[in-house]
Ligand SMILES: [Ca+2]
Ligand SMILES: [Ca+2]
Ligand SMILES: [Ca+2]
Ligand SMILES: [Ca+2]
């Protein structure tokens, strides 16, 4: 306000009305927002909360902790990687400049909505968890492996690189709204030799859709389903086949040149069961556990780590009990009645725990490595010798060992008296499975 006093002008007060000209420190860490890599102090960098469509890298980020002490933490994707995306004379990285020239407004609006609000953490993690291709029915399943956080608008771009050409995207499906679902199914017309990515950018005519990839899937057969193993929670900028379980079509199954196990996962196992990860639109991260008479965190399938935390009897009507990995914890007993126990990889039986294969049950592991059975627990199985004459014989061997170093295999230590059939409830060594006396 300016007062006139006769011939003099006195400046009584200057009011700065436009706060945008004032440095604001939203999170109170003494670093003004324009210099703060995490302006609201929620641990998620501004670069992510604003969905910056360029290559990012980690950096030290300063925030205050609960006791108001300044702490410095290295956080991934906190700043623009100016080696991959150089800064021009205007002070902007080239791709940001291009994006702004193309009318990008979401960086600014995302910044206001997410980077300045510590009640909205924009560090949701999109990860491809299933690929499904069957004729014209083609889709991919995207899950948020940090479901307590948000995938902000424009952070998720599904890019398709035809025939593996990473220099140019064929198509890009972007999401201009917040992804609030834990799991999302998107139709993508991909075929063999195509590469599918989740990228920070889907801008055509540049290398940036490939350079900003956070997750990659490639090398897939045309007619098949791929489900990511439940223990994989982080996307990967390089495709790793070990992270995936392939559910093959029957045509793949009869591939004589590349021998495949007759119990490899099949396309027909892709289900509509809303508790199974094999279902499109369903994905549970982490193991499924048997506890309190039920399955916790989804039901077993060939992509799951299955943990047995109580005595559990798997019966015929349940069909095959399938797992990628199987762990029997504590003193618990997994009994399988007249069914297959089909495990792709590790079986761990803790000391005191048991697997009982009752009736016609069998344990089959389909991996191609050396033994993947660990732990000091026991496996019991009945095998009947249906020989008509006592003068004929069965060939029997001991496929398991009681020796921790797995150097000796003795019949005497592994064979039991099978007069009374194995069951789920009796005590081993008392009413059945008693020791045999061997006479030399
Ligand atoms: Ca600050
Ligand atoms: Ca933040
Ligand atoms: Ca935030
Ligand atoms: Ca699924």
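In the working numbering, the protein residues as written are 287 to 726. Positions of the beta carbon are idealized from the N, C-alpha and C atoms, including for glycine. For clarity, every value in this text was computed on a predicted model and none was experimentally measured.
Listed in chain order, which residues are found with a beta carbon closer than 5 angstroms to a heavy atom of ligand 1?
-> In chain order, the residues with a C-beta atom nearer than 5 angstroms to some heavy atom of ligand 1 are 311, 313, 315, 317, 322.
May I ask you to verify whether the region 601–615 touches the region 631–648, counting CB pairs closer than 8 angstroms and requiring at least 3?
-> With a cut-off of 8 angstroms on Cβ pairs, the region 601–615 is in contact with the region 631–648, counting three or more such pairs.
Can you check DSSP and say which residues form a bridge with residue 458?
-> Your numbering for residue 458 matches position 172 in the chain shown. For residue 458, the beta-bridge partners assigned by DSSP are 445.
Three or more C-beta pairs closer than 8 angstroms, one from the region 389–399 and one from the region 352–368: is that the case here?
-> The region 389–399 vs the region 352–368: no contact.
Report the option in 656, 663, 725, 657 whose CA atom is closest to the CA atom of residue 641.
-> Working through the chain shown from its first residue, we reach residue 641 at position 355. Between residue 641 and the set 656, 663, 725, 657, the nearest pair of CA atoms involves 663.
In this structure, does DSSP put residue 296 in helix, strand or coil?
-> Your numbering for residue 296 matches position 10 in the chain shown. Its pLDDT being 49, under 50, residue 296 is placed unreliably in this model, and the value from its coordinates should be taken loosely. Looking at residue 296 - three-state DSSP - the assignment turns out to be strand.
When the Cα atoms are used, what is the spatial distance from residue 300 to residue 394?
-> Residue mapping note: residue 300 aligns to position 14 of the chain shown, counting from 1. Residue mapping note: residue 394 aligns to position 108 of the chain shown, counting from 1. Bear in mind that the predicted position of residue 300 carries a pLDDT of just 46, short of 50, making it too unreliable to give a figure here.
Where does residue 588 sit, in a helix, a strand or coil, going by DSSP?
-> Position 302 of the chain shown, counted from the first residue, corresponds to residue 588. Residue state, collapsed to three classes: coil.
Which residue from 416, 525, 337 puts its Cα closest to that of residue 472?
-> Locating residue 472 in the chain shown gives position 186, counting from the first residue. For residue 472, the closest of 416, 525, 337 by C-alpha to C-alpha distance is 416.
Cβ-heavy atom distance between residue 412 and ligand 2 below 7 angstroms?
-> Here residue 412 refers to the residue found at position 126 when the chain shown is read from its first residue. Residue 412 Cβ: outside cutoff for every heavy atom of ligand 2.
So what's residue 600 in DSSP terms, helix, strand or just coil?
-> The count along the chain shown starts at 1 and reaches residue 600 at position 314. In this structure, residue 600 counts as strand in the three-state DSSP scheme.
Stretch-stretch touch, CB-based, cutoff 8 angstroms, three pairs: the region 501–520 with the region 552–563 | Contact holds: three or more Cβ-Cβ distances are below 8 angstroms.
Straight-line gap, residue 445 to residue 682 (C-alpha atoms, nearest Å) = Here residue 445 refers to the residue found at position 159 of the chain shown. Here residue 682 refers to the residue found at position 396 of the chain shown. Their backbone Cα atoms lie some 56 angstroms apart in a straight line.
Residue from 451, 450, 624, 410 with nearest C-alpha to residue 431 = Walking along the chain shown from the start, residue 431 turns up at place 145. Relative to residue 431, the option among 451, 450, 624, 410 whose CA is nearest is 410.
Using three-state DSSP, classify residue 676 as helix, strand or coil.
-> The residue given as residue 676 occupies position 390 in the chain shown. DSSP places residue 676 outside both helix and strand once states are collapsed to three, so it counts as coil.
Taking Cβ positions, are residue 485 and residue 499 nearer each other than 8 angstroms?
-> The residue given as residue 485 occupies position 199 in the chain shown. The residue given as residue 499 occupies position 213 in the chain shown. Cβ atoms of residue 485 and residue 499: closer than 8 angstroms.
Where does the unbroken alpha helix (DSSP H) through residue 698 begin, and where does it stop?
-> As a position in the chain shown, residue 698 is number 412, starting the count at 1. Boundaries of the alpha helix (DSSP H) around residue 698: 697–700.
For residue 497, the first and last residue of its enclosing alpha helix (DSSP H) | Residue numbering aside, residue 497 sits at position 211 when the chain shown is read from its first letter. Counting along the chain, residue 497 sits inside the alpha helix (DSSP H) bounded by residues 494–497.
Whole-angstrom C-beta distance between residue 362 and residue 344, which should lie under 8 angstroms = Taking the first residue of the chain shown as 1, we reach residue 344 at position 58. Taking the first residue of the chain shown as 1, we reach residue 362 at position 76. Correct: roughly 5 angstroms between the Cβ atoms.
Counting pairs of Cβ atoms below 8 angstroms between the region 614–629 and the region 637–657, do you hit three or more?
-> The region 637–657 and the region 614–629 touch, with three or more beta-carbon pairs separated by less than 8 angstroms.
Using beta-carbon positions only, say whether residue 502 and residue 522 come within less than 8 angstroms of one another.
-> Here residue 502 corresponds to residue number 216 of the chain shown, with the count starting at 1. Here residue 522 corresponds to residue number 236 of the chain shown, with the count starting at 1. Yes, Cβ-Cβ distance for residue 502 and residue 522 is below 8 angstroms.
Helix, strand or coil at residue 320 according to DSSP, with G and I counted as helix | Here residue 320 refers to the residue found at position 34 of the chain shown. In this structure, residue 320 counts as helix in the three-state DSSP scheme.
Please state if the CB of residue 585 and the CB of residue 599 are separated by a distance shorter than 8 angstroms.
-> For the purposes of this step, residue 599 is taken as residue 313 along the chain shown, with counting starting at 1. For the purposes of this step, residue 585 is taken as residue 299 along the chain shown, with counting starting at 1. No.
Would you kindly work out how many angstroms separate the C-alpha atoms of residue 707 and residue 620, rounded to a whole number?
-> Position 421 of the chain shown, counted from the first residue, corresponds to residue 707. Position 334 of the chain shown, counted from the first residue, corresponds to residue 620. Rounded to whole angstroms, residue 707 to residue 620 spans 16 angstroms at the Cα level.
Among the residues of its own chain, which have a CB less than 8 angstroms from the CB of residue 713, if the five just before and after it don't count?
-> Counting from 1 along the chain shown, the entry for residue 713 is found at position 427. No residues qualify anywhere along the chain.
For residue 439, does the count of other Cβ atoms within 10 angstroms reach 16, so buried, or fall short, so exposed?
-> Taking the first residue of the chain shown as position 1, residue 439 is located at position 153. The residue is buried, with at least 16 neighbouring Cβ atoms inside 10 Å.
Which one or two residues does DSSP pair with residue 357 in a beta bridge?
-> For the purposes of this step, residue 357 is taken as the residue at position 71 of the chain shown. For residue 357, which the question treats as bridged, DSSP gives the partners 349.
Where residue 569 falls, given that 16 or more other Cβ within 10 Å makes a residue buried | Position 283 of the chain shown, counted from the start, is the residue given in the question as residue 569. Only buried fits residue 569, as 16 or more other CB atoms lie within 10 angstroms of its CB.
To the nearest whole angstrom, what separates the beta carbons of residue 324 and residue 347, a pair I think is in contact under 8 angstroms?
-> Counting from 1 along the chain shown, the entry for residue 324 is found at position 38. Counting from 1 along the chain shown, the entry for residue 347 is found at position 61. With a Cβ gap of about 5 angstroms, residue 324 and residue 347 count as contacting.
Per-residue burial, residue 692 [other beta carbons within 10 Å of its own, 16 or more giving buried] | On the chain shown, residue 692 is found 406 positions in, with the first residue counted as 1. Exposed is the call here.
Going along the chain, which residues of its own chain have a beta-carbon closer than 8 angstroms to the beta-carbon of residue 291, five neighbours each way excluded?
-> Mapped onto the chain shown, residue 291 falls at position 5. In this predicted model, residue 291 has a pLDDT of only 46, less than 50, meaning its place in the structure is not dependable enough to derive any value.
Does ligand 4 have a heavy atom nearer than 7 angstroms to the CB of residue 568?
-> For the purposes of this step, residue 568 is taken as the residue at position 282 of the chain shown. Residue 568 Cβ: within cutoff of ligand 4.
Would you say residue 487 faces chain C, with C-beta separation under 8 angstroms as the test?
-> Of the protein chains in this structure there is only one, and it is not chain C.
Span of the alpha helix (DSSP H), counted from its first residue to its last, around residue 385 | In the chain shown, counting from the first residue as 1, residue 385 sits at position 99. If you look at residue 385, you'll find it in the alpha helix (DSSP H) that goes 380–387.
Cutoff 8 angstroms; reference residue 520; Cβ partners in own chain excluding five residues on either side | Indexing the chain shown from 1 puts residue 520 at position 234. For residue 520, where only same-chain residues beyond five positions count, the Cβ hits under 8 angstroms are 411, 413, 431.
Is the beta carbon of residue 427 within less than 7 angstroms of some heavy atom of ligand 4?
-> Mapped onto the chain shown, residue 427 falls at position 141. The answer is yes for residue 427.
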